[in-house]
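**Q**
Residue numbers (the numbering used here): 98 to 400.
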């Protein structure tokens, strides 16, 4: 394991796995000689808990189960819809609220919806009309239902990735008006460069009214600007009666940024984007090298 030494502003040396993480306004990096009092751990799914083959390694399972046995609350914080996240929660025996749809919907593993914050209907309709001319695949999510206007190679790949059912409708705007409510979330699938182009234009066109954030190089997500994984995680911590310093969040992508910044102990995967590594207190191994397990074993699990 390649460890390097970094110095805090107070010149206290600590060891960091892989690369150094910058200190934050919440008090710097992990302590050198003591484990923090972590009571809640929120973990992203894709490219974080899940390996490239979309499975959870045995080492990671054991670390997660050991943390739960130790009394630590472990949850999933994902941009995925509930039906796509639920199988992993069941596999791990997680029976606490699951943060789905970037925090817009919090659901128990048994399907009980604890909170749901969809987008405004008129804004949802405007967003569809804005995105259509780009010609890229669009997913519209309402609750635990997924709607598309046409089948496509992108739709087929997404369905295989998430194991979800796709409802094909003639017109997404007409669907929104018929349902009388806004979308829980939208996602757009395109090439990385196309995603960047749409993101720039959408962020300008919907500034302050829509959150526009990539979850993968070829996935662009749209949701309420006042929602996010960090918002849902902070609410969960408040209900548990704990502070942000007792929370660990582990992620890899820009849609994990707000929870990495909120958590007292934000951990970036070794395969994380640079914006996440820059804000994290610690950088662990990659998702294919048991990065979640490495972080839990070092900072959460008692010897």
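We put the CB at the ideal spot given by N, CA and C, even for glycine. Nothing here was measured: the structure is a model prediction, and the numbers come from that model.
How about residue 341 and residue 312: are their beta carbons less than 7 Å apart?
**A** Here residue 341 refers to the residue found at position 244 when the chain shown is read from its first residue. Here residue 312 refers to the residue found at position 215 when the chain shown is read from its first residue. No, they are not a contact pair.
**Q** Measuring straight from C-alpha to C-alpha, what distance separates residue 164 and residue 140?
**A** Taking the chain shown and counting its residues from 1, one reaches residue 164 at position 67. Taking the chain shown and counting its residues from 1, one reaches residue 140 at position 43. Residue 164 and residue 140: Cα-Cα distance of roughly 13 Å.
**Q** Can you tell me which of the three DSSP states residue 328 falls into?
**A** In the chain shown, counting from the first residue as 1, residue 328 sits at position 231. If DSSP states are grouped into helix, strand and coil, residue 328 belongs with the helices.
**Q** Which of the three DSSP states is assigned to residue 262 in this structure?
**A** Within the chain shown, the letter at position 165 stands for residue 262. If DSSP states are grouped into helix, strand and coil, residue 262 belongs with coil.
**Q** Residue 136 and residue 214 - do their beta-carbons sit closer together than 7 Å?
**A** Residue mapping note: residue 214 aligns to position 117 of the chain shown, counting from 1. Residue mapping note: residue 136 aligns to position 39 of the chain shown, counting from 1. It is not a contact, given that the beta carbons lie outside the stated cut-off.
**Q** Cα-Cα, which of 359, 304, 310 and 318 is closest to residue 331?
**A** In the chain shown, counting from the first residue as 1, residue 331 sits at position 234. Residue 331 has its Cα closest to that of 359, out of 359, 304, 310 and 318.
**Q** Which ranges would you report for the beta strand (DSSP E) in the region 230-296 if only whole runs of at least 3 residues count?
**A** 234-239, 242-245, 263-265 and 282-286
**Q** Do the region 302-319 and the region 211-231 make contact, defined as three or more Cβ pairs closer than 8 Å?
**A** yes
**Q** Just to check my reading of the structure: residue 174 and residue 297 have Cβ atoms closer than 8 Å, yes? What is that Cβ distance to the nearest angstrom?
**A** On the chain shown, position 77 is the one that residue 174 refers to. On the chain shown, position 200 is the one that residue 297 refers to. 26 Å between Cβ atoms; not a contact.
**Q** Return yes when the Cβ of residue 160 is within less than 7 Å of the Cβ of residue 393, no when it is not.
**A** Here residue 393 is taken as the residue at index 296 of the chain shown, counted from 1. Here residue 160 is taken as the residue at index 63 of the chain shown, counted from 1. Yes, the Cβ-Cβ distance between residue 393 and residue 160 is below 7 Å.
**Q** Got a sec? Which residues, its chain only, sit under 7 Å from residue 124 by beta carbon, not counting five neighbours each side?
**A** One-based indexing of the chain shown puts residue 124 at position 27. Legend: pLDDT at residue 124 = 36, less than 50; position of this residue unreliable, no value from coordinates given.
**Q** Where residue 282 and residue 225 are concerned, what is the direct C-alpha to C-alpha distance, given to the nearest angstrom?
**A** As a working mapping, residue 282 is identified with position 185 in the chain shown. As a working mapping, residue 225 is identified with position 128 in the chain shown. Approximately 11 Å, taken between the alpha carbons.
**Q** Check this for me: beta carbons of residue 180 and residue 241, under 7 Å apart or not?
**A** Within the chain shown, the letter at position 83 stands for residue 180. Within the chain shown, the letter at position 144 stands for residue 241. Yes.
**Q** Going by C-alpha distance, which of 208, 391, 234 and 238 is nearest residue 221?
**A** Translated into positions along the chain shown, residue 221 becomes position 124. Taking only the C-alpha atoms, the option nearest residue 221 is 238.
**Q** Could you give the DSSP three-state label for residue 182: helix, strand or coil?
**A** Position 85 of the chain shown, counted from the start, is the residue given in the question as residue 182. Three-state result, residue 182: helix.
**Q** Using a threshold of 7 Å, state whether the C-beta atoms of residue 365 and residue 156 are closer than that.
**A** As a working note, residue 365 is residue 268 in the chain shown. As a working note, residue 156 is residue 59 in the chain shown. For residue 365 and residue 156, no; Cβs fall outside 7 Å.
**Q** Short check: CB of residue 357 to CB of residue 374, under 7 Å?
**A** For the purposes of this step, residue 357 is taken as residue 260 along the chain shown, with counting starting at 1. For the purposes of this step, residue 374 is taken as residue 277 along the chain shown, with counting starting at 1. No, the Cβ-Cβ distance between residue 357 and residue 374 is not below 7 Å.
**Q** For residue 184, count the other beta carbons within 10 Å of its own beta carbon; 16 or more makes it buried, fewer makes it exposed. Which is it?
**A** The residue given as residue 184 occupies position 87 in the chain shown. So residue 184 counts as exposed.
**Q** Taking the DSSP output, what are the residues bridged to residue 313?
**A** Counted from its first residue, the chain shown places residue 313 at position 216. Bridge partners of residue 313: 316.
**Q** Cα separation between residue 254 and residue 399?
**A** Locating residue 254 in the chain shown gives position 157, where the first residue counts as 1. Locating residue 399 in the chain shown gives position 302, where the first residue counts as 1. Rounded to the nearest angstrom, the two C-alpha atoms are 41 Å apart.
**Q** Residues bridged to residue 140 by DSSP?
**A** Working through the chain shown from its first residue, we reach residue 140 at position 43. According to DSSP, residue 140 bridges with 173 and 347.
**Q** By DSSP, does residue 200 sit in helix, in strand, or in coil?
**A** As a first step, residue 200 must be located in the chain shown, where it is residue number 103. Looking at residue 200 - three-state DSSP - the assignment turns out to be helix.
**Q** Measuring CA to CA, which of 272, 212 and 338 is closest to residue 246?
**A** Working through the chain shown from its first residue, we reach residue 246 at position 149. Selected option, being the one with the closest Cα: 272.
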